[in-house]
Each structure stands twice: as structure tokens, then as C-alpha cells.
Amino acid sequence: MLLRHTPEEIVERQALMINPAKTCQPIGAMYAALGIHGCLPHSHGSQGCCAYHRSTLTRHYKEPVMAGTSSFTEGASVFGGQANLLQAIDNIFTIYEPEVIAVHTTCLSETIGDDIPQIVSKARDEGKVPEGKHVIHANTPSYVGSHVTGFSNMVKGMVDYLAEDGVEHKARTINILPGYVEPADIQEIKRLVKELGIDSIVFPDTSYVLNGPQTGKFSMFPEGGATVEDIRRSGRSMGTIALGPLASGAAARALDAKCKVPCEILDLPIGLNKTDEFINVLRKAAGVTVPDSITIERGQLLDVITDEQQYFYQKKVALVGDPDQLISLTEFLVSIDMWPIHIVTGTPGKKFEKRIAEITKDIPHKVNVRQAGDMFLLHQWIKNDPVDLLIGNTYGKYIARDEDIPFVRFGFPILDRIGHIYFPTVGYKGGMRLLEKILDVLLDRKDRDSPEESFELVM
Ligand code: SF4
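Here this note's numbering is used: the first residue of the sequence shown is 1, the next is one more, and so on.
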């Protein structure tokens with residue numbers, strides 16, 4: 001009953017957000033930076049921002065997330081943070097010896113107007129960047145966009161700083177930009193690409209950085225991550241497949257403009273159709289045939305859909321999360337005859353509403369969709385038109401509890417459950433997992449609410 005004061009009556013708000021459905025740009029930038037091997041993310045701003053970003057990532061991934069901070073105090077806030085960043089670059093390379101420092105800005109340093117490329121170039125001139133080491137950056141003002149924008153900016157920064165042209169000698173490799181997905185999703189994407197026999201460069205790659213094994217030993221820079229050499233070579237690949245237009249599109253286009261690597265920008269491979277699309281584009285791009293092992297996985301997902309569809313038919317669903325995920329998830333749910341009727345993302349972008357409207361156009365029910373929306377609005381929609389299921393990040397649990405709705409945790413952040421970083425939701429296997437999670441909560445609810453005479457062993 002925590003949100004019991006949420007009124008049913010909806011009033012249009014212009015300048016007020018209540019319970020945002022997003023978090024701040026640097027969190028996405030920090031997550032992306034962790035996908036480079038040997039990289040230390042660095043937050044150019046106050047310690048409080050960095051502590052918040054690190055703690056959110058640590059709580060989601062259940063791994064200690066390392067990052068530096070320029071530790072702005074009153075002086076830097078007034079005169080700019082150049083001295084702090086120069087000192088930080090010097091200290092970090094001397095003490096922690098990373099391969100790369102990935103600097104992202106914060107609201108404060110953006111408002112001051114610190115020129116990061118100028119400061120980095122001064123650090124280089126003063127010998128503070130050792131030979132063979134790199135400092136890259138992304139501007140991540142959090143008063144625009146969301147964590148997805150920050151992620152996208154940092155991935156583009158990787159291309160801008162590290163990718164190298166090789167027009168004359170294009171290699172047979174294909175770049176995969178996996179998007180803002182879980183480490184397990186990246187692992188699954190890599191597995192599928194390998195199954196197809198394709199030589200790929202995947203970046204950013206947080207698998208085995210944020211979901212590595214427990215070894216009993218602390219490692220500042222875990223095994224995983226795309227190496228600087230990988231990202232450098234991406235400029236010589238024969239093509240790029242970018243997954244998630246918002247998270248990966250900008251970097252893919254930048255790589256095309258910088259190194260003439262043609263790109264194809266796809267939706268995230270969540271669900272049967274979107275995974276088919278991904279496999280098909282990969283197959284054509286690399287000129288390979290799909291092996292039986294993948295066809296079998298596809299058939300298994302199809303089998304699960306066939307068995308479970310009777311329970312999903314015309315169930316109304318509310319969704320909250322990031323746009324790339326929601327577009328594919330909505331398509332998946334519609335394809336199994338569910339009715340996603342309230343859909344909110346906190347990330348701005350007009351195309352989102354148009355895409356969702358297209359995907360849901362055949363649902364014989366009014367569909368509410370909002371970009372740059374908030375969870376207060378979602379709650380009001382649900383109060384006016386109740387749903388059978390809510391899918392979203394941890395913050396959705398308050399609405400689920402208040403309205404007594406079955407709830408599936410999906411997306412970022414998930415702060416109150418453990419294990420999600422090891423199980424993909426992309427690909428055919430990810431589709432099976434998603435369906436299992438959805439069916440479990442629906443049937444658990446049915447069990448809970450059944451009177452004794454209809455409490456069935458076999459459902
Ligand atoms: S919104 Fe701005 S001030 Fe707040 S934590 Fe994020 S970067 Fe820092």
C-alpha cells in the first residue's frame with residue numbers, strides 16, 4: 001500500500017516527473033566502459049554522483065564496481081575541474097595501471113562546461129598518459145536523456161577514440177554491438193554467432209567482467225571485456241550489426257562514417273521473430289548456413305510457445321523499461337497473443353511511441369504508450385484499466401504490491417533479486433526463460449486464488 005495515494009484521475013503534467021522510469025546518463029556510460037578489458041571508468045564530477053552510479057551498478061550486478069572520480073569540491077565547481085582530472089589521470093595510471101580510462105561527465109562538469117578533450121590532450125602533453133595507454137571520453141549530461149543515452153554516448157566514444165580505418169583491407173570479421181543488455185545476454189549473443197561459425201568483434205562486452213566466476217581472489221580488472229585491439233580492428237571489419245537502435249545505433253553509424261564499415265541496425269533479439277531476424281541478417285552478412293543446433297533451439301522455443309500459449313491468450317500486460325528492450329518485448333508478447341496495453345519508458349524519443357503503436361495496432365483494446373513518461377502515470381493507467389501482469393525493473397514492485405498484480409522482473413535495474421546476470425533473455429534460449437518466468441507468476445496467482453474445489457494438480 002506504499003503508493004496508495006496515487007489518484008485514478010490523470011492530470012497532464014508538463015514540468016514534473018514522479019517516480020522516473022529511468023536513471024542518469026553516467027550509469028549507462030560507466031556500464032559500457034566496463035565492457036572494455038582493463039578499463040577504469042572515471043566520473044568527472046562530485047564524489048556523490050560517482051558513489052550513486054557505482055552503488056546502482058553494484059546492487060544490480062552483485063559485483064564490486066570500480067570507478068574513479070574527479071572529486072569536485074567548491075573550488076572545482078567554481079573554477080572548473082581541469083586540475084582535478086589531470087591529477088586523477090596521473091594517479092590512476094600510476095597506482096591502478098589500467099589500459100584505458102573512460103571519462104564521463106556529470107551534470108556539474110557539463111554545467112561548468114569543462115572541455116574534456118582539451119584536458120586529456122594536456123594530460124598527454126604533460127606525460128601523464130603512459131605510452132600505449134588510452135583515455136577516452138563521453139559527454140553525459142544527465143539533465144537530458146537517460147542511462148541509455150549515456151551508454152550510447154560511451155559506445156560511440158569507443159569508436160571515435162579507438163577504431164582505426166582499413167578501407168583497403170577489410171577483414172572477414174563482423175562487428176556486433178550488443179546494446180544495453182545483461183552480461184549473460186552478451187554471452188548468449190556471442191555463443192549464437194560462434195555457432196554460426198562467424199568471426200566477430202563484440203563491444204562493449206561485459207560478460208566475465210560483471211558475471212565472472214567466484215575465484216576467491218580479487219581482480220581489479222577481470223578476464224572479460226573487448227580489448228583495445230579488438231575495438232581498433234573493428235574499423236577493418238566487413239560490417240557491423242548493431243542491436244538496439246537507441247543504445248547501439250549512434251556508434252554503428254559513427255563507425256560507418258569514420259571507417260566505412262557498413263552497418264545494419266536491428267531490434268534486440270528478444271523473442272522468436274526478433275531472434276529469427278538477427279540470425280537471418282548474420283547468415284546473409286557472413287554467407288553461412290544456419291546449423292542444426294540453432295534450428296533445434298528455435299524449434300524448442302516454438303514448442304514452449306505452443307504448449308503455453310493457452311495461458312497467455314488475451315492476458316493484459318503493463319510494461320516499463322528501456323525503449324530497445326520494450327520494442328522487442330512488446331512484439332514478442334503480441335506474437336503469443338498477449339495484450340500489452342500500458343507501456344512506459346523514461347527515455348525520451350518520439351519514435352518509440354510510433355513503433356509501439358505499429359506493433360500493437362491489431363490489439364482490439366486501447367493501448368497507452370508514453371516516452372519520457374514516469375511510473376506514476378503507469379500506475380494511474382493501471383488503476384483505470386487493470387492488467388493481469390506487470391513486467392519491469394525492481395521499482396515496479398511497489399505498483400505490483402499496491403494493485404496485487406503478478407510481477408516479472410526484467411530490465412535494469414534489478415536490485416532485489418540475485419542470479420539474473422547469469423541468465424539471458426535474448427535469443428531462443430532467452431525467449432524460453434522469459435516465457436517460463438511469465439507463466440510461473442500467472443499460474444502461481446491462479447493457484448493462490450483458486451478455491452479448494454478447483455485447486456488443480458495439473459493445470
Ligand atoms: S543526475 Fe546528475 S547530479 Fe544526479 S547523480 Fe546523475 S550526474 Fe550526478
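Cβ coordinates follow ideal geometry from the N, Cα and C atoms, glycine included.
Can the beta-carbon of residue 219 be found less than 7 Å from the beta-carbon of residue 183?
Stepping through the sequence shown from its first residue, residue 219 is reached at position 219. Stepping through the sequence shown from its first residue, residue 183 is reached at position 183. No. Outside cutoff.
Taking 8 Å as the cut-off, does the stretch 403 to 410 touch the stretch 243 to 256 (at least 3 CB pairs, one atom from each stretch)?
Two segments are said to touch when three or more pairs of C-beta atoms, one from each, lie closer than 8 Å; by this definition the stretch 243 to 256 does not touch the stretch 403 to 410.
With a Cβ-Cβ cutoff of 7 Å, do residue 180 and residue 203 count as a contact?
Position 180 of the sequence shown, counting from 1, holds the residue named residue 180. Position 203 of the sequence shown, counting from 1, holds the residue named residue 203. Pairing residue 180 with residue 203 gives a Cβ-Cβ distance that is not under 7 Å.
Does the stretch 289 to 307 come within contact of the stretch 342 to 361, defined as at least 3 CB pairs closer than 8 Å?
With the rule of 3 Cβ pairs closer than 8 Å, the stretch 289 to 307 does not count as touching the stretch 342 to 361.
Is any non-hydrogen atom of the ligand SF4 found closer than 6 Å to the C-beta of residue 52, if you look at the structure I gave you?
Against the sequence shown, residue 52 aligns to sequence position 52. Distance from the C-beta of residue 52 to the nearest heavy atom of the ligand SF4 is below 6 Å.
Would the C-beta of residue 106 count as close to the ligand SF4, meaning under 6 Å from any of its heavy atoms?
Locating residue 106 in the sequence shown gives position 106, where the first residue counts as 1. At least one heavy atom of the ligand SF4 is nearer than 6 Å to the Cβ of residue 106, so yes.
Tell me which residue opens and which closes the alpha helix (DSSP H) that residue 294 is part of.
As a working note, residue 294 is residue 294 in the sequence shown. For residue 294, the uninterrupted alpha helix (DSSP H) run begins and ends at 292 to 312, by DSSP.
Give me the residue from 224, 111, 231, 216 with the minimum Cα distance to residue 164.
Working through the sequence shown from its first residue, we reach residue 164 at position 164. Among 224, 111, 231, 216, the Cα nearest to that of residue 164 is on 231.
For the pair the stretch 380 to 388 and the stretch 312 to 324, tell me if three or more CB-CB distances fall below 8 Å.
Yes: the two stretches touch, three or more of their Cβ pairs being nearer than 8 Å.
Assigned secondary structure, residue 431 (DSSP; H/G/I helix, E/B strand, else coil)
Here residue 431 is taken as the residue at index 431 of the sequence shown, counted from 1. Looking at residue 431 - three-state DSSP - the assignment turns out to be helix.
Residue 288 and residue 210 closer than 7 Å at C-beta
The residue labelled residue 288 in the question sits at position 288 within the sequence shown. The residue labelled residue 210 in the question sits at position 210 within the sequence shown. With contacts defined by Cβ atoms closer than 7 Å, residue 288 and residue 210 do not form a contacting pair.
Measuring CB to CB, does residue 147 end up less than 7 Å from residue 23?
The sequence position of residue 147 within the sequence shown is 147, counting from 1. The sequence position of residue 23 within the sequence shown is 23, counting from 1. Taking the C-beta atoms as reference points, residue 23 is found nearer than 7 Å to residue 147.
Hey, would you say the C-beta of residue 39 is under 6 Å away from at least one heavy atom of the ligand SF4?
Here residue 39 refers to the residue found at position 39 when the sequence shown is read from its first residue. In terms of side-chain proximity, the C-beta atom of residue 39 is found no nearer than 6 Å to any non-hydrogen atom of the ligand SF4.
If you draw a straight line from the C-alpha of residue 67 to the C-alpha of residue 59, how long is it?
Counted from its first residue, the sequence shown places residue 67 at position 67. Counted from its first residue, the sequence shown places residue 59 at position 59. When rounded, the separation of the alpha-carbon atoms in residue 67 and residue 59 is 15 Å.
Within 6 Å: the Cβ of residue 71 and any heavy atom of the ligand SF4?
Position 71 of the sequence shown, counting from 1, holds the residue named residue 71. In this structure, the C-beta of residue 71 stays at least 6 Å away from each heavy atom of the ligand SF4.
Do residue 384 and residue 8 have their CB atoms nearer than 7 Å?
In the sequence shown, the residue the question calls residue 384 occupies position 384. In the sequence shown, the residue the question calls residue 8 occupies position 8. The Cβ-Cβ distance between residue 384 and residue 8 falls below 7 Å.
Own chain partners of residue 434 with C-beta closer than 7 Å, once the 5 adjacent residues on each side are dropped:
Here residue 434 refers to the residue found at position 434 when the sequence shown is read from its first residue. If we look at residue 434 and ignore the five residues flanking it on each side, its Cβ neighbours are 425.
Endpoints, the alpha helix (DSSP H) within which residue 175 is located:
Translated into positions along the sequence shown, residue 175 becomes position 175. Annotation: residue 175 is outside any alpha helix (DSSP H); the continuous beta strand (DSSP E) that includes it extends over 174 to 177.
Status (buried if at least 16 other CB within 10 Å, exposed otherwise) for residue 188:
Position 188 of the sequence shown, counted from the start, is the residue given in the question as residue 188. Note on residue 188: 16 or more other CB atoms within 10 angstroms of its CB, so buried under the neighbour-count rule.
Measure the Cβ-Cβ separation of residue 396 and residue 371 and say whether it is below 7 Å.
Against the sequence shown, residue 396 aligns to sequence position 396. Against the sequence shown, residue 371 aligns to sequence position 371. No, the pair does not count as a contact, with Cβ atoms beyond the cut-off.
For residue 409, the residue or residues it bridges with in DSSP
Within the sequence shown, residue 409 is the residue found at index 409, counting from 1. Per DSSP, 392.
Run of the alpha helix (DSSP H) containing residue 233, from where it starts to where it stops
Working through the sequence shown from its first residue, we reach residue 233 at position 233. Start and end: 228 to 233.
Does the beta-carbon of residue 143 have 16 or more other beta-carbons within 10 angstroms, so that it is buried, or is it exposed?
To locate residue 143, count along the sequence shown from 1; it is residue 143. Here residue 143 is exposed. Its C-beta has fewer than 16 other C-beta atoms within 10 Å.
Any heavy atom of the ligand SF4 within a distance shorter than 6 Å of the CB on residue 386?
The count along the sequence shown starts at 1 and reaches residue 386 at position 386. In this structure, residue 386 has its beta carbon at no less than 6 Å from each heavy atom of the ligand SF4.
Which residues bound the beta strand (DSSP E) around residue 458?
In the sequence shown, counting from the first residue as 1, residue 458 sits at position 458. Secondary structure note for residue 458: it is in no beta strand (DSSP E), with a DSSP letter that is neither H nor E.
Mapping the DSSP letters down to three states, classify residue 58 as helix, strand or coil.
For the purposes of this step, residue 58 is identified with residue 58 of the sequence shown, where counting begins at 1. Correct three-state label for residue 58: helix.
Beta carbon of residue 270, beta carbon of residue 329: below 7 Å?
Here residue 270 refers to the residue found at position 270 when the sequence shown is read from its first residue. Here residue 329 refers to the residue found at position 329 when the sequence shown is read from its first residue. Yes; because the gap between Cβ atoms is below 7 Å, this pair is in contact.
Comparing alpha-carbon positions, which option in 69, 247, 114, 104 lies nearest residue 82?
The sequence position of residue 82 within the sequence shown is 82, counting from 1. Ranking 69, 247, 114, 104 by Cα distance to residue 82 puts 114 first.
Inside the stretch 15 to 50 only - alpha helix (DSSP H) runs reaching at least 4 residues
For the stretch 15 to 50, whole alpha helix (DSSP H) runs of length 4 or above, ordered along the chain, are 25 to 33.
At the level of alpha carbons, what is the spacing between residue 447 and residue 439?
Translated into positions along the sequence shown, residue 447 becomes position 447. Translated into positions along the sequence shown, residue 439 becomes position 439. C-alpha of residue 447 to C-alpha of residue 439: approximately 12 Å in a straight line.
Where the beta strand (DSSP E) containing residue 328 begins and where it ends:
By 1-based counting over the sequence shown, the position of residue 328 is 328. For residue 328, no beta strand (DSSP E) segment is defined; the enclosing uninterrupted segment is the alpha helix (DSSP H) at 323 to 335.
Would you say residue 450 touches the ligand SF4, meaning its beta carbon is less than 6 Å from a heavy atom?
Walking along the sequence shown from the start, residue 450 turns up at place 450. False, no ligand heavy atom lies under 6 Å from that Cβ.
Do residue 192 and residue 427 have their CB atoms nearer than 7 Å?
The sequence position of residue 192 within the sequence shown is 192, counting from 1. The sequence position of residue 427 within the sequence shown is 427, counting from 1. Yes. Within cutoff.
So is residue 175 buried or exposed if we call it buried at 16+ other beta carbons inside 10 Å?
Position 175 of the sequence shown holds residue 175. Looking at its Cβ environment, which holds 16 or more other Cβ atoms inside 10 Å, residue 175 is buried.
Is residue 26 near the ligand SF4, in the sense that its beta carbon is under 6 Å from a heavy atom of that ligand?
The residue given as residue 26 occupies position 26 in the sequence shown. Taking the Cβ of residue 26 as the reference point, at least one heavy atom of the ligand SF4 falls within a distance shorter than 6 Å.
So what does DSSP say about residue 404, is it helix, strand or coil?
Within the sequence shown, numbered from 1, the residue matching residue 404 stands at position 404. In the structure shown, residue 404 sits in coil (DSSP, three-state: anything other than H, G, I, E or B).
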